[in-house]
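Before any comments, here is the structure.
In this note's numbering, the protein residues as written are 457 to 581.
The following block contains the structure:
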């Protein structure tokens, strides 16, 4: 079943809400990744107090970078969905693998979805 105009407007709002959420995550990540722990704490020395602190700080920076990368990928998917919604509205909400409509419920949860979900995929040949 195709989306009606109210559903499209709702999903457009959802895409903008999700885009704002991801941008906040990226801003926080940029602040975190751009400032060292020593700079945040006001320490004069950049040497860790204990060798284990080096591993912990490295792990935390890697995790922050991974989350920032994931958020960047999500932002790209959201922007692609907005582009589909505006430029080719008849393709928005259509499973790219099967050509069948994606349920409104799924789009409400993941408004940038490109497929109906794993349980609705066409069988592999």
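All C-beta atoms in this analysis are idealised placements derived from N, C-alpha and C, irrespective of residue type, glycine included.
Counting pairs of Cβ atoms below 8 angstroms between the segment 463-473 and the segment 516-527, do you hit three or more?
no
Does the beta-carbon distance from residue 526 to residue 552 come in below 8 angstroms?
Against the chain shown, residue 526 aligns to sequence position 70. Against the chain shown, residue 552 aligns to sequence position 96. Result no, Cβ atoms of residue 526 and residue 552 do not sit closer than 8 angstroms.
Helix, strand or coil at residue 501 [DSSP, three-state]
Looking up residue 501 in the chain shown gives position 45. In this predicted model, residue 501 has a pLDDT of only 49, less than 50, meaning its place in the structure is not dependable; the value taken from the coordinates is given anyway. Coil.
Can you find the residues in the same chain that come closer than 8 angstroms, C-beta to C-beta, to residue 531, ignoring five residues on each side of it along the sequence?
Stepping through the chain shown from its first residue, residue 531 is reached at position 75. Correct list, in chain order: 475, 478, 479, 482.
Would you call residue 459 buried or exposed, if buried means 16 or more other Cβ atoms sit within 10 Å of its Cβ?
To locate residue 459, count along the chain shown from 1; it is residue 3. Residue 459 should be labelled buried.
Expected contact under 8 angstroms - CB spacing of residue 562 and residue 573 to nearest Å:
If you number the chain shown from 1, residue 562 lands on position 106. If you number the chain shown from 1, residue 573 lands on position 117. Right, their Cβ atoms sit about 6 angstroms apart.
Does DSSP classify residue 558 as helix, strand or coil?
Locating residue 558 in the chain shown gives position 102, where the first residue counts as 1. Coil, per DSSP.
Identify every residue that forms a DSSP beta bridge with residue 534.
As a first step, residue 534 is located in the chain shown; it is residue number 78 there, counting from the start. DSSP lists no partner for residue 534.
Excluding the 5 residues flanking residue 564 on each side, which residues of the same chain have their C-beta closer than 6 angstroms to its C-beta?
One-based indexing of the chain shown puts residue 564 at position 108. Cβ neighbours of residue 564 beyond the five flanking positions: none.
When you compare only the Cα positions, how much space is there between residue 568 and residue 484?
Locating residue 568 in the chain shown gives position 112, counting from the first residue. Locating residue 484 in the chain shown gives position 28, counting from the first residue. Using only the alpha carbons, I get a separation of about 23 angstroms.
Mind checking residue 548: buried by the 16 CB within 10 Å criterion, or exposed?
Taking the chain shown and counting its residues from 1, one reaches residue 548 at position 92. Residue 548 is buried by the Cβ-count criterion.
Does residue 577 come out as helix, strand or coil in the three-state DSSP assignment?
Looking up residue 577 in the chain shown gives position 121. The pLDDT assigned to residue 577 is 49, lower than 50, so where the model puts this residue is not dependable; a value taken from the coordinates is nonetheless given after this. Residue 577: coil per DSSP, three-state reduction.
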